[in-house]
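A.B. asks:
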Amino acid sequence: EEHEETKDEL
Amino acid sequence: MNIFRLAGDMTHLASVLVLLLKIHTIKSCAGVSLKTQELYAIVFATRYLDILTSFVSIYNTLMKLIFLGSSFSIVWYMKYHKTVRRTYDRDQDTFRHWFLMLPCLLLALLIHEKFTFFEVLWTFSLYLEAVAILPQLVLLQRTRNIDNLTGQYIFLLGGYRGFYILNWIYRYFTEPHYVHWITWIAGLVQTLLYADFFYYYFLSWKNNKKLQLPA
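Which chain is which? The protein sequence lines are A and B, in order.
Counted the way the numbering used here counts, the first sequence spans residues 1 to 10.
Counted the way the numbering used here counts, the second sequence spans residues 1001 to 1215.
1. Can C1029 of chain B and T1094 of chain B be called in contact, C-beta distance under 7 Å?
2. Got a sec, what are the start and stop residues for the alpha helix (DSSP H) Y1153 of chain B sits in?
3. With distances taken Cα to Cα, identify the nearest neighbour of I1042 of chain B among B:A1007, B:Y1199 and B:S1073.
4. May I ask which residues mark the beginning and end of the alpha helix (DSSP H) holding E9 of chain A?
5. Classify R1047 of chain B: buried if its beta carbon has 16 or more other beta carbons within 10 angstroms, exposed otherwise.
6. Just to make sure I have the definition right: I need the residues of chain A whose C-beta is within less than 8 Å of the C-beta of M1063 of chain B. Which are they?
7. Any residues in the stretch 1067–1085 of chain B with a beta carbon nearer than 8 Å to a beta carbon of chain A? Which ones, in chain order?
8. Any C-beta of chain A sitting closer than 7 Å to the C-beta of V1056 of chain B?
9. Identify which residue in B:S1070, B:R1090, B:A1014 and B:Y1080 has its Cα closest to the Cα of G1031 of chain B.
10. Among B:F1163, B:F1202, B:Y1200 and B:L1192, which residue has its Cα nearest to the Cα of E9 of chain A?
11. Just how far apart, CA to CA, sit E1038 of chain B and L1140 of chain B?
12. Going by C-alpha distance, which of B:H1180, B:K1035 and B:L1193 is nearest W1076 of chain B?
13. Given a threshold of 16 other Cβ atoms within 10 Å of its Cβ, counted over all protein chains shown, does I1003 of chain B qualify as buried or as exposed?
14. What separation, rounded to the nearest whole angstrom, lies between the Cα atoms of V1131 of chain B and E1175 of chain B?
15. Between which two residues does the alpha helix (DSSP H) containing P1135 of chain B stretch?
16. Is there a Cβ of chain A sitting closer than 7 Å to that of L1013 of chain B, yes or no?
17. On the premise that T1183 of chain B lies in contact with L1109 of chain B, defined as a C-beta separation below 8 Å, what is that separation, rounded to the nearest angstrom?
18. With a CB to CB cut of under 6 Å and the five nearest residues on each side skipped, what residues in its chain are close to Y1160 of chain B?
19. Using CA coordinates, which residue listed in B:S1057, B:L1166 and B:S1015 is at the minimum distance from G1151 of chain B?
20. Which residues bound the alpha helix (DSSP H) around R1005 of chain B?
21. Ends of the alpha helix (DSSP H) at I1074 of chain B?
22. Hey, would you say T1061 of chain B sits closer than 7 Å to Q1092 of chain B, going by beta carbons?
23. How far does the alpha helix (DSSP H) with V1120 of chain B in it extend, from its first residue to its last?
24. What residue from B:K1064, B:T1025, B:K1022 and B:L1019 has the CA that sits closest to K7 of chain A's CA?
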C-alpha cells in the first residue's frame, strides 16, 4: 500500500 | 496534495508551455536539445504505462496526458516540422543519449522496489529522468548562445525538481510510512545536475545581463 503513495506523484 | 507538490507540477507545466510557445509561435527550436526531448518522451511513456489501469484523480490523469502529449509533440516538431526542424542545432547536439538508457535499465533491473514489468519500467523512468537533462546542458555549454525562452525553460524544469524535494520532505514528516529512497535519490541527483546552471542563471539575473555560460 505504501508504494501506491508514490504513484500519486507525477 | 501539498503546496510544494502543486508548485512543482505547475513549474513543470510552465516549462513545457514555455518550450511549446517557443516552438509553436517563434517556430524555432534553437538551443533546444532533441536528445533530451527524446529521453523525456521515453521517460513519460515508461512511467505512465499505468495510465489506463490505475486511476488516482482527474488531475493526475490530465497531467499525465499533457506531459505525454507535449513531450511527443515537441519531438515531432523538432524532427518533422518543415520550419522548426531547420532551426535545430543538429551539429552541436551530439550527446550519445541512447547510451544513457542501458545503464538506467540495468540499474532498474538491479535496484527496484518490486520485480515486476511495470515496476521495473517505472523505476527505469526515474533513473532516466535524473540524467535526461544532460544532453541539454551539454548543448547549452557548447552553443553558449542562450535565448531567454531556453533559459527560462531550463530554470523552470530545475524549479520543478526543487519543489518536488520540498514536497518529499513535507510528506515524510506529515505522512506515516512515506519512505521512498529510490525516488528521492534519483530526484536529488537530477536536481544537483541543475546546480551549476542555476548558479549562472542567478548571476545573470542579479547583474541584469544576458545569461552566458563560461567556456
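Where a beta carbon is used, it is the ideal one built from N, C-alpha and C, also for glycine.
C.D. replies: Working from what's here:
1. Reading the second sequence from its first residue, position 29 is the one you call residue 1029 of chain B. Reading the second sequence from its first residue, position 94 is the one you call residue 1094 of chain B. In this structure, the beta-carbon distance from C1029 of chain B to T1094 of chain B does not fall below 7 Å.
2. Indexing the second sequence from 1 puts residue 1153 of chain B at position 153. Membership of Y1153 of chain B in the alpha helix (DSSP H) is indicated by the continuous run N1148 to T1174.
3. The residue labelled residue 1042 of chain B in the question sits at position 42 within the second sequence. Comparing alpha-carbon positions, the option among B:A1007, B:Y1199 and B:S1073 lying closest to I1042 of chain B turns out to be B:S1073.
4. In the first sequence, counting from the first residue as 1, residue 9 of chain A sits at position 9. First-last for E9 of chain A: undefined, no H or E at that position.
5. For the purposes of this step, residue 1047 of chain B is taken as residue 47 along the second sequence, with counting starting at 1. With 16 or more neighbouring CB atoms inside 10 Å of its own CB, R1047 of chain B falls in the buried class.
6. In the second sequence, the residue the question calls residue 1063 of chain B occupies position 63. Neighbours of M1063 of chain B in chain A, taken as residues whose beta carbon is under 8 Å from its own, are L10 in chain order.
7. Answer set for the stretch 1067–1085 of chain B: F1067.
8. Here residue 1056 of chain B corresponds to residue number 56 of the second sequence, with the count starting at 1. For V1056 of chain B, the answer is yes, since a Cβ of chain A falls inside 7 Å of its Cβ.
9. Residue numbering aside, residue 1031 of chain B sits at position 31 when the second sequence is read from its first letter. With distances taken between Cα atoms, G1031 of chain B lies closest to B:R1090.
10. For the purposes of this step, residue 9 of chain A is taken as residue 9 along the first sequence, with counting starting at 1. Considering only B:F1163, B:F1202, B:Y1200 and B:L1192, the residue with the shortest C-alpha distance to E9 of chain A is B:F1163.
11. The count along the second sequence starts at 1 and reaches residue 1038 of chain B at position 38. The count along the second sequence starts at 1 and reaches residue 1140 of chain B at position 140. Each residue's Cα considered, the two are about 17 Å apart.
12. For the purposes of this step, residue 1076 of chain B is taken as residue 76 along the second sequence, with counting starting at 1. It is B:K1035 whose Cα lies nearest to the Cα of W1076 of chain B.
13. One-based indexing of the second sequence puts residue 1003 of chain B at position 3. Under this definition I1003 of chain B is an exposed residue.
14. In the second sequence, counting from the first residue as 1, residue 1131 of chain B sits at position 131. In the second sequence, counting from the first residue as 1, residue 1175 of chain B sits at position 175. A direct Cα-to-Cα measurement between V1131 of chain B and E1175 of chain B gives close to 29 Å.
15. As a first step, residue 1135 of chain B is located in the second sequence; it is residue number 135 there, counting from the start. Counting along the chain, the alpha helix (DSSP H) containing P1135 of chain B begins and ends at L1134 to T1143.
16. Along the second sequence, one-based indexing puts residue 1013 of chain B at 13. Taking Cβ atoms only, chain A never reaches closer than 7 Å to L1013 of chain B, which makes this a no.
17. One-based indexing of the second sequence puts residue 1109 of chain B at position 109. One-based indexing of the second sequence puts residue 1183 of chain B at position 183. About 17 Å separates the two Cβ atoms, so there is no contact after all.
18. On the second sequence, position 160 is the one that residue 1160 of chain B refers to. Leaving aside the five residues that flank Y1160 of chain B on each side, the residues in its chain whose CB is nearer than 6 Å to its CB run, in chain order, G1008, T1011 and H1012.
19. Residue 1151 of chain B sits at position 151 when you count from the first residue of the second sequence. Out of B:S1057, B:L1166 and B:S1015, B:S1015 has the C-alpha closest to the C-alpha of G1151 of chain B.
20. Taking the first residue of the second sequence as position 1, residue 1005 of chain B is located at position 5. From DSSP, the alpha helix (DSSP H) with R1005 of chain B extends over I1003 to T1025.
21. If you number the second sequence from 1, residue 1074 of chain B lands on position 74. Here the alpha helix (DSSP H) through I1074 of chain B covers I1058 to Y1080.
22. As a working mapping, residue 1061 of chain B is identified with position 61 in the second sequence. As a working mapping, residue 1092 of chain B is identified with position 92 in the second sequence. Their beta carbons are not under 7 Å apart, which means T1061 of chain B does not touch Q1092 of chain B by this criterion.
23. The count along the second sequence starts at 1 and reaches residue 1120 of chain B at position 120. It spans F1117 to V1131 - the alpha helix (DSSP H) in which V1120 of chain B sits, taken as one unbroken run.
24. On the first sequence, residue 7 of chain A is found 7 positions in, with the first residue counted as 1. Looking at B:K1064, B:T1025, B:K1022 and B:L1019, the one whose alpha-carbon comes closest to that of K7 of chain A is B:K1064.
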